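Residue numbers (my numbering): 10 to 661.
Beta carbons: idealized from backbone N, C-alpha and C, even for Gly.
Values in this document were obtained by computation on a predicted structure and should not be read as measured data.
Step one of this worksheet: look at the structure below.
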């Protein structure tokens, strides 16, 4: 119904809008033809006036030539000839509004048929193009011989008629047009000026006749049933007023609340434009178009009731049919709904009881629920089957989830135990005697619950201090087991050996004997004579350690003794030696430090490590804490992907 009403309304409105547009176009064409006729008449009057001014100008030019010849022939002096010429101009009476005058190159009036002008300076007078009148016509007439201009001269008072043969001095604030000629012998400009009042009077008379004709044509015109046309000039004057019965429409409001009367004189578009206003008798469709030559706005006004009447009639007829069909449809729907709702209520009660059941236990479905798919072969039956399938899957998933939860809790418990065991493998602090000679601090932070890094320190049988740091190739539980084996092998080997190369050689052979997963560990084993400061070390594929002197300068203990342990048996390892002075700090680390990445996937790197370490060391604990804190600042919350292990040793 609404679609039909809208379609009919749109069709009627489109047709009426097209008809209104055609009417407005015809009015525009009629106004244009009338304007063209008025314009042609205006042009004819102006041309005739200019022709008369030019004829008078030719007479003045000839007369001035005759006076100039008297001076050239020596009959009179040039000054007397100019005086005679000015007197002749002063006595030249053309008619009440037309007179002649002469001005010189200094723009001063020398003679005029209008006595009030004599002696006036024309320098400030401007024409309708806002140019200096005197100078512009002087330049133009000097080049081409003549010029025309329109101007308005204010200031001279109205004077009385001196005699029947003398011109009447009219108010000079009227618009005037004049013909200007250049008299070359004396460098004068003579002018014949006339008032535009006659032209304007004829145009206004023709315009009034045109407006009266339009009123007679448009007043009886009706659009649709009761629409009409009216025309408003830009000054608010009604050229063709609306009917008296609809003058209240001008007090109507547009959608934005603006009164129609206030918008009448606003500039409209040149193209046809449709608007809508709310009047006292209902909404109206308002079309408007601008006729720029006459500064008119043409309005067409049609009540929306005229346009929507066919659609309302159609809507009433459809409403009766629709009401009858609706009653029948509701009765049929009630019968169908009663059949569907009963099993749906049963399923709803079953769904509410599901959370109260022990889903992890086997349970038999109620008989009336299990029978629904067989009883109903439609959507209700399929919905019941889906409920039964969902119940079975829920019980199956709950059972599997409980088993997985138990297994996960057991695994996490085992991981916690493994972490406690791994932390228990870390060395105990050195004896008080050793602590008086060295300041040693180490830390390990696994990436997961258990890690693959290791560190150790202990006193050898010869009284020297052995320090160890390593990194297993894997992560998690396998790496933790391999780390524990490596640490145990190092401790066991160091009971019989004091040479770090022999210790690493034996550990490598034991790890490589049975290594099906080909796991390996990088090791750095150093032995420090705490009395002399002699440091010997073996680097088995590990990162090079560094030494920080008492002033904070950092140097690297370069040298690779051999490959990582656990890859191949019988590998020789070379020993390196260095001297650790009092106040110098030996620091070893794993790649979890230098390969730490931030959120932009940038690595911490060796350069930043050296920059962080380049400071005088007060204690090894503060040194390691400063380094770890800088690594965390760089990571900025990014996930730790590798174990971090540090070992710092300072000789006192």
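- By the Cβ test, the segment 552 to 565 is not in contact with the segment 491 to 501, since fewer than three Cβ pairs between them sit closer than 8 Å.
- For residue 135, there is no enclosing alpha helix (DSSP H), as DSSP gives it neither H nor E.
- In this structure, the beta-carbon distance from residue 554 to residue 521 does not fall below 7 Å.
- Between the segment 207 to 224 and the segment 41 to 57 there are three or more C-beta pairs closer than 8 Å, enough to call the two in contact.
- By the neighbour-count criterion, in which a residue is buried when 16 or more other Cβ atoms sit within 10 angstroms of its Cβ, residue 291 is exposed.
- In this structure, 355 is the residue among 402, 410, 417, 355 with its C-alpha nearest to the C-alpha of residue 393.
- In the assembly as shown, residue 478 is a buried residue. Its beta-carbon has 16 or more other beta-carbons within 10 Å.
- DSSP lists no beta-bridge partner residue for residue 560.
- Residues of the same chain with a CB within less than 8 Å of the CB of residue 391, apart from the 5 flanking positions on each side, are 382 in chain order.
- A straight-line Cα-Cα distance of about 10 Å links residue 407 and residue 414.
- Cβ-Cβ distances below 6 Å link residue 200 to 110, 187, 189 in the same chain, with the five nearest sequence neighbours on each side left out; the list follows chain order.
- Residue 514 is classed as buried because its beta carbon has at least 16 other beta carbons within 10 Å across all chains shown.
- Secondary-structure assignment with DSSP links residue 466 through a beta bridge to 476.
- Counting other Cβ atoms within 10 Å of its Cβ, residue 618 reaches 16 or more and is therefore classed as buried.
- Look at residue 15 here: in three-state DSSP terms it is helix.
- The beta carbons of residue 461 and residue 501 sit about 20 Å from each other, so the pair does not count as a contact at 8 Å.
- For residue 550, the pairing in a beta bridge is given by DSSP as 532.
- Distances from the CA of residue 399 to each of 142, 384, 359 were compared; the closest alpha carbon is that of 359.
- In this structure residue 498 is not in contact with residue 466, their Cβ atoms being roughly 16 Å apart against a cut-off of 8 Å.
- With three or more CB-CB distances shorter than 8 Å, the segment 305 to 319 counts as touching the segment 13 to 28.
- For residue 591, DSSP assigns no beta-bridge partner whatsoever.
- Separation of residue 75 and residue 116 (C-alpha to C-alpha, rounded to the nearest whole angstrom) is 24 Å.
- The C-beta of residue 29 has 16 or more other C-beta atoms within 10 Å across all chains shown, which makes the residue buried.
- Contact between residue 530 and residue 574 is confirmed by a C-beta separation of about 5 Å, below the 8 Å threshold.
- As DSSP reads the structure, residue 121 sits in a beta bridge with 110.
- Residue pairing of residue 598 in beta bridges, as defined by DSSP: 655.
- The three-state secondary structure of residue 97, taken from DSSP, is helix.
- Ranking 62, 98, 58 by CA distance to the CA of residue 73 puts 98 first.
- Considering only 626, 503, 558, the residue with the shortest C-alpha distance to residue 471 is 503.
- Beta-bridge annotation (DSSP): residue 263 is paired with 286.
- With a threshold of 16 other beta carbon atoms within 10 Å, residue 336 falls short and is exposed.
- A Cβ-Cβ contact shorter than 7 Å links residue 287 with residue 262.
- Remark: three or more beta-carbon pairs, one from each stretch, lie closer than 8 Å, so the segment 295 to 306 and the segment 237 to 252 are flagged as touching.
- In the three-state DSSP reduction, residue 527 falls in the coil class, being neither helix nor strand.
- Counting only unbroken stretches of 4 or more residues, the alpha helix (DSSP H) elements lying wholly within the segment 206 to 259 are 206 to 227, in sequence order.
- In the three-state scheme derived from DSSP, where H, G and I count as helix and E and B as strand, residue 341 is classed as helix.
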